[in-house]
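Let me begin by presenting the structure, written as structure tokens, before commenting on it.
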Amino acid sequence: MFLAKIYVTYKPSILDPQGEVIKSALHRLDYTDVNSVMQGKYFEIKLEAKDQRTAAKEVEKFSDELLINVNMETFTYKLSEISSVEE
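Quick note on this note's numbering: the sequence shown kicks off at 217 and runs consecutively.
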């Protein structure tokens, strides 16, 4: 069994309006050293696969098909093998 930790963020060319609102709020609270804020989504997905390579292909496929808007977002992920004890 594998655990995929998937991080979804806007592509660099896309303005992150929620990140800008958070940055403005931080500045109003006197955290003026904050230069930028990027907001995103985070998923933890457990999946069965015969090996890490197969699991990685599945993560990439379902992330592109379902978890992200391919026009605006991108993703990175970390994949680790877990034992049934860790479930």
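Even glycine gets a Cβ: it sits at the ideal position worked out from N, Cα and C. None of the values given here were measured: they were computed from a predicted structure.
Residue burial classification, residue i (beta-carbon count within 10 angstroms, cutoff 16)
| i | result |
| --- | --- |
| A220 | buried |
| S279 | buried |
| A271 | buried |
| V275 | buried |
| D232 | buried |
Residue i beta carbon near the ligand SAM (any heavy atom closer than 7 Å)
| i | result |
| --- | --- |
| F291 | Only the bare structure without any ligand can be found here, which leaves the ligand SAM out of the picture. |
CB of residue i within 8 Å of CB of residue j, strictly
| i | j | result |
| --- | --- | --- |
| S252 | K239 | yes |
| F291 | Y226 | no |
| F218 | I298 | yes |
| L295 | Q268 | yes |
| V237 | H243 | no |
Residue nearest to residue i in terms of C-alpha spacing, selected from the options
| i | options | result |
| --- | --- | --- |
| M288 | G256, S296, I261 and T248 | G256 |
| M254 | H243, Y293, E281 and I230 | I230 |
| F259 | L282, Y247 and Q234 | L282 |
Counterpart residues of residue i in DSSP-defined beta bridges
| i | result |
| --- | --- |
| I222 | F259 and Y293 |
Beta strand (DSSP E) runs contained entirely in the stretch 244–278, provided each spans 3 or more residues: 256–263
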